[in-house]
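Single-structure report; data block below.
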Amino acid sequence: MTASPADASTDPRALLTGLDPADDRLAALHARFAEAALDAGAVDVAYRTLDSPVGRLLVCATDVGVLRVAFEIEGHDAVLDRLASTVSPRIVEAPSRLDAVARELDEYFRGERRAFDLPLDRRLSKGFQRTVLEHLPDIGYGATASYASVALASGSPRAVRAVGTACATNPLPVVVPCHRVVRSDGTAGNYRGGMAAKQILIDLEARA
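Numbering (this note's numbering), first residue to last: 77 to 284.
Written as structure tokens, this is what we have:
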């Protein structure tokens, strides 16, 4: 994921092209640059990655709140490129700015948190999808609901397929619990992170 010379003035990531994050000195330089850019108001989206039971997650946030959670299967670079084109090219890796997100996710995966207290930036969800996603926290921790019941709760009882699409394209999986929506026969159904990841989350909550 590299930027052309023409993009360098607007995309802070372009200044770091070619740096090896495994080098401690370059990693420290990256961190200092990221903090300086954030403090100067030159960054619109901060991101970090973290390990989890469902694989490595990418989390992105704006000043409004958490904007995106992405699974490795989605391709983290592709997700960042998409955000650069749809939200802002001013994106930089700044782990410390997402410490609260990382902490709550870690607590969730350890079975110590049942609901997230994070501010959310919902701009990537619009129309009926946003209506559906706003209903999902009503499904209790450890519980599941069918696509049909979510369609009914969203005010469109015949829009079962649209509910499935809304959940499958949820930009904030895990935090907005679309994994709790299952097929009428009780099987997991499709999921942005893959069916195995969805089942892991369902089982994790069932054990807590």
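In this text, a Cβ means the ideal position worked out from N, Cα and C, and glycines have one as well.
Assigned with DSSP and collapsed to three states, PHE192 falls in coil, not helix or strand.
Residue environment for ALA176: exposed (fewer than 16 other C-beta atoms within 10 angstroms of its C-beta).
Where TYR223 is concerned, the enclosing alpha helix (DSSP H) starts and stops at 223–229.
Nearest Cα to ALA238 within the set THR263, PHE204, GLY151 and PRO129: PHE204. A distance of 8 Å or more separates the beta carbons of THR241 and ILE278.
In this structure, ALA122 and LEU174 form a Cβ contact; the two beta carbons are roughly 6 Å apart against a cut-off of 8 Å. The beta-bridge partner set that DSSP reports for CYS136 consists of TYR123 and ARG144.
In this model, LEU212 and PRO165 are separated by some 30 Å (Cα to Cα). With contacts defined by Cβ atoms closer than 8 Å, GLY269 and ILE167 do not form a contacting pair. Straight through space, the alpha carbons of LEU159 and ALA224 are spaced by roughly 31 Å. The continuous beta strand (DSSP E) containing VAL168 extends over residues 167–169.
Looking at the backbone, the Cα of ARG259 and that of SER222 are separated by about 5 Å.
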